[in-house]
Each structure stands twice: as C-alpha cells, then as structure tokens.
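Line order of the protein sequences matches chains X and Y.
One point on numbering: in our numbering, the residue at position 12 of the first sequence is 50, and numbering is uninterrupted.
One point on numbering: in our numbering, the residue at position 188 of the second sequence is 189, and numbering is uninterrupted.
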Amino acid sequence: MSWNRHHLLDIESLSAEDLTTILDTAMAFKSVGERAIKKVPALRGKTVVNLFVEPSTRTRISFELSEQRLSADIIHFSAEASSLKKGETLKDTAQTLQALNADFIVIRHSASGAPHFLSRVLNAHVINAGDGAHEHPTQALLDTLTIREKKGRIEGLNVTILGDILYSRVARSDIWALTKLGARVTLCGPSTLVPRTFERLGCRVTHNMEEAIRDADVINLLRIQHERQRRSAFPSLNEYVQLFGLNKRRLALTKPDAMIMHPGPINRGVEIDSDIADGDRSVILEQVTNGLAVRMAVLFLINGGGPQEIAA
Amino acid sequence: MNTSAPGEPSASPDTPASGVLILTATAIHRALNRIAHEIAERNEDSHNVVLLGIQSGGAPLSARLAGLLEGIWHHPVPRGVLDIAMHRDDLDQRFAPAVLPTSIPCDVTGRVVVLVDDVLFSGRTIRAAMDALNDFGRPASIQLAALVDRGHRELPIKADFVGKNIPTSMTDKVRVRLKEAQGTDEVVIEQGGTRA
C-alpha cells in the first residue's frame, strides 16, 4: 500500500491503486461503526472545518459523524450564517480558518474548482465534498464500495447511470471511479441531459431506457437537479417519468440480480417508484452506511504526514 | 493491502536473506511450543483465555499458539486479530499505515486476553493494542507473548512470554518470516549500520 496524497480533490487524478487503497481502508473503518464504542483516536487533537458554502444535509452529517468517530474537533461554517454573505472572498474565509490552525477543510461549493483553489492557497488538508457540477469524490467512493461489497468486484460489471448526467457531479465522479476500476459504464437520460460528449470519457450513451437497463448489473439513479438547470431540460416532469422513471414494468426487464442505487435525496414517483426504492434490490441505505466508512478512510489516509521518518 | 501481491521482489520469500539467521523453522516451532506451555501453566482457568494476534505479524502466530493450546487443554481456544493502525501515536509523522481487519471472537470483558506479536521493540505497538482493546471491553487481565524481544523499550512494557531475546542495535532490522504470509519460517537480523 502506498498513499502520499495531501488532499482529496477529485477522482480524475487518482489511480486505480489509489482507489483500491481507499476502499480497502474503508472496509476496516466500516467495522468501527459496528462496535459498541464507535470511536477511534486516529484524529485526536486535529481540527476539521466543514465549510459548506452550498447547503447540504446528508453529506454534511455524514462528514460530521465520520470526523467525530475519528475523535477530531469540528467547526461548522455554513454560507447562510457567515461572512461570505457579507462579501468576504473564499480565499479570505479560508485563510481565516487556517489562522485558527485548522488541519482539515472539507468544502462544498457551487463553483467547480473551489477545492483545488483552496488546496493551492492553504497548508491544511482539503477534501472536496462536492464542487459545482464538477466532482463529488466521496460519493463515488461510497458507490464503488457498495458495488464491490455486494458484487465482489468492479471489473467487468455493467453499470448504468440514469438521469441528469450533465449537471451531476456524482455522475462525473462515478464515471471516473468506475471506468478506472474496469467497469463498463452506460449513461442514459433525456438527450438534453445526456449529451454524446460523454462518450469521450469511455462511456456508452443511450437515450433508450430499456436498452440501458437490460444488461446492467448495477443501476444508479440520479435525481433531477432543478436547482442547477437554468431552463427546464425536458418538456414536463410527467414525460420524464414516462420515459425514464424506474417502475415495476421496467424493473422486470433487468437482470434478476441487478442492484438499484441512488445517492439521495430520492424523488419518489419521479426517477424511482416507492416500491423499488424500498425493495430488496435497493441498496440505498447501505450506501449511506458506507458513506461514513469511506469518509473516515479518506480523512485517515490524507492525515499521513510523510515522508516516512519512522520505521514500521 | 494484500502482501502477497506479485511484482514486489523485496518481499519475495526466495530472496536470500542478507542478514544473520537467528531462528530456524524448528527453533520457531520449539519456542512457540514452550510459550504455549507457559501460557497453560500461568492460566489454570483455561476456558477464560482469549488469544489476540496483532496485525499483521501476530495473526499467524496466535493461530499457531491456539492450535498448540488446544492440544494441551483439549478444548477450543477463542482467537482473533487486532489492528492497531487507528491507535498509533505517530499518525501525523508518517504516511498513513495500512489498516487491516480487527476481529474479536467474543466479549473480552472479564476474560484473560493474551496479545500475540512477532517482535517486541519500542513497546508502542503494545500500548496502542491495549488502547484498542479498551474499546471492546475490560479484560480481567492482559498478557503479552512475543516471538522475539529485541530490547530498546521506549515505554514501561514487558512481555510475559518470550520466544527468544535478541540483543540488537537500534538500526538493525529484525525480519520475522512465517509460512502463512512469506512462505517460509525464519527470523533474520539485517545489520543496519549507517542510516541511508
């Protein structure tokens, strides 16, 4: 195992070996959550700032709990109640946080590249918790962990990502992680949200739902992100449900062991029927549990000081 | 994580050891046999004993000791593995270490836990192991078995059962190779000399 990265900014720059190291480490941390005492001292005395310039609930609480389970001290900084509303720049905010001796900054921002920018101006470890429509690396890690855990491998699997690909940072990170680990990725959705340009990332692109799900081992459904679309990308929600919603009839066309994933929050009755979200093919709640494990693993790995001075 | 990954010449069991052979396969077996008898002698209530191997070198040794003790006691001996990476005291001075599984076979509260490791050196691993064990319960007592004690303790820790005491200099490297992981049973000292 070799890990010498100071930040987690994206999946694109990681190697397949890096990804495997994170997933293997995450498995060990997953068992911490199953103990009576769900806390280890790995980040004792370290300060983590959760800088959520864009609102988030599930990613924020997942990071928060992961940090607590590693014994870190935590500060929350959200855009609504902060100086960013008063006109402070991101750089000034971040440097203020660094002056408080923060060791880690977990950042969620609506601008793509904000975490990369911070990593250049700060000494602290920076973790990308989602930047614009660019990447959401820890989501891709928890998705791949869940797939590997359920299917025993990633290589050779057919993974279909359905829905709003164009505006989705989850899709981009998933595509990088899955293709690096040897899966075949199919993208499907309305042509306005799934342009052919994604073929350049090594994906198959189709606008026919039946074709996309027929040979899939894994179906990952994404939410329609109304908040990121300037104009509606399709005529009506009802039409989207008719063409791309996962219902019982379409589920019957899939392989009997195809698993259903969703990063949440779910729009029941839009991209997925309630029965399927709660059904035995769905791993949506396992994804939430695995989110803690991968976030603990990432914090643990990038905390490493290196170069190695102490004999193992 | 998998140490048996190919293409890693330095980890190959066939590489002739440049160091001095300290324990042969027979000597390792004899030492473990003696440790097993000492554990049995020390713990009259044999049903209360749990063996925990410290990852990764202690894991195969604890399995062998459990086998030997089962031969002495004629009943199964619970055994598990303990990873101490999350409890190390040098995490921010080095690259992140590999984190291996921890698996504790039963509630350790009130039991006698025998920690098993391959080499006892600074004692910091054992400190971390006791800390990690705390999260799983409160053992009645903790004992320590080590195949090799090479000295240079940095903490007030001492082994209850030792296979062999080996005087070393700080810069020497003690390599314990075991069949389960490296394909051969031997303990070798590589002279450190001047540090690179």
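The beta-carbon is built from N, C-alpha and C at its ideal position, and this holds for glycine as well.
It should be emphasised that the depicted structure is a prediction, and the values quoted were computed from it without experimental measurement.
The Cβ atoms of L83 of chain Y and L53 of chain Y sit closer than 8 Å to each other.
At a cut-off of 8 Å between beta-carbon atoms, P79 of chain X makes contact with chain Y. Between I310 of chain X and L231 of chain X, the C-beta gap is not smaller than 8 Å, which leaves the two residues out of contact. Any Cβ of chain Y closer than 8 Å to the Cβ of T327 of chain X would place that residue at the interface, and such an atom is absent. In chain order, V100 and A133 place their CB closer than 8 Å to the CB of M87 of chain Y, counting only its own chain and leaving out the 5 sequence neighbours on each side. Against chain Y, a Cβ distance below 7 Å from S69 of chain X picks out P102 and T103.
Taking a Cβ-Cβ threshold of 7 Å, the residues of chain X close to A97 of chain Y are W41, F338, L339, N341 and G342, in chain order.
At a cut-off of 8 Å between beta-carbon atoms, H88 of chain Y makes contact with chain X. Taking a contact as a CB-CB distance under 8 Å, the pair T292 of chain X and R261 of chain X does not count as one, their CB atoms being some 20 Å apart.
The beta-carbon of I112 of chain X is placed no less than 8 Å from the nearest beta-carbon of chain Y. A residue is called buried once 16 or more other Cβ atoms fall within 10 Å of its Cβ, and N166 of chain Y, having fewer, is exposed. The Cβ-Cβ distance between A182 of chain Y and S57 of chain Y falls below 8 Å. Rounded to the nearest whole angstrom, the CA to CA distance from D150 of chain Y to K174 of chain Y is 13 Å.
By the neighbour-count criterion, in which 16 or more other beta carbons inside 10 Å mark a residue as buried, T235 of chain X falls on the exposed side.
Per DSSP, reduced to three states, the secondary structure at V144 of chain X is strand. With respect to the 8 Å criterion, E193 of chain X and G227 of chain X are not classified as neighbours on the basis of their beta carbons. Listed in chain order, the positions of the stretch 137 to 156 of chain Y with a beta carbon within less than 9 Å of a beta carbon of chain X are F137 and G138.
In the DSSP assignment, S116 of chain X forms a beta bridge with X:F90. Contact between the stretch 161 to 176 of chain X and the stretch 322 to 341 of chain X is present: three or more C-beta pairs spanning the two stretches fall below 8 Å. Within chain X, no C-beta atom comes less than 9 Å from the C-beta of D119 of chain Y; the nearest is roughly 12 Å away. Here K165 of chain Y is bridged, per DSSP, to Y:V149.
If you look at M299 of chain X, you'll find it in the beta strand (DSSP E) that goes M297 to M299.
For K174 of chain Y, the enclosing beta strand (DSSP E) starts and ends at K174 to R178.
Looking at Y:D90, Y:I40, Y:G72 and Y:I190, the one whose alpha-carbon comes closest to that of R125 of chain Y is Y:D90. In the DSSP assignment, T126 of chain Y falls outside any beta strand (DSSP E) and lies within the alpha helix (DSSP H) extending over R125 to N135.
When Cβ-Cβ separations below 8 Å define contact, A137 of chain X makes no contact with chain Y.
Within its own chain, the residues whose Cβ lies closer than 8 Å to the Cβ of K286 of chain X, once the five positions on either side in sequence are excluded, are D311, D313 and I314, listed in chain order. Annotation for A167 of chain X: the continuous beta strand (DSSP E) segment containing it runs H163 to D169. For R222 of chain X, the enclosing beta strand (DSSP E) covers residues R222 to C226. For H30 of chain Y and V120 of chain Y, the gap between their C-alpha atoms comes out near 16 Å. Within the stretch 219 to 294 of chain X, the runs of beta strand (DSSP E) that reach at least 3 residues and sit entirely inside it are, in chain order, 222 to 226, 242 to 244 and 256 to 259. Taking 8 Å as the CB threshold, T63 of chain X lines the interface with chain Y. Think of a sphere of 8 Å around the beta carbon of I143 of chain X: no beta carbon from chain Y falls inside it, the nearest being about 16 Å out.
With the rule of 3 Cβ pairs closer than 8 Å, the stretch 102 to 116 of chain X counts as touching the stretch 83 to 91 of chain X. Contact with chain X is found for D93 of chain Y, since one of that chain's Cβ atoms lies less than 8 Å from the residue's Cβ. Contact between E187 of chain Y and L24 of chain Y holds, with the beta-carbon distance rounding to 7 Å and staying under 8 Å.
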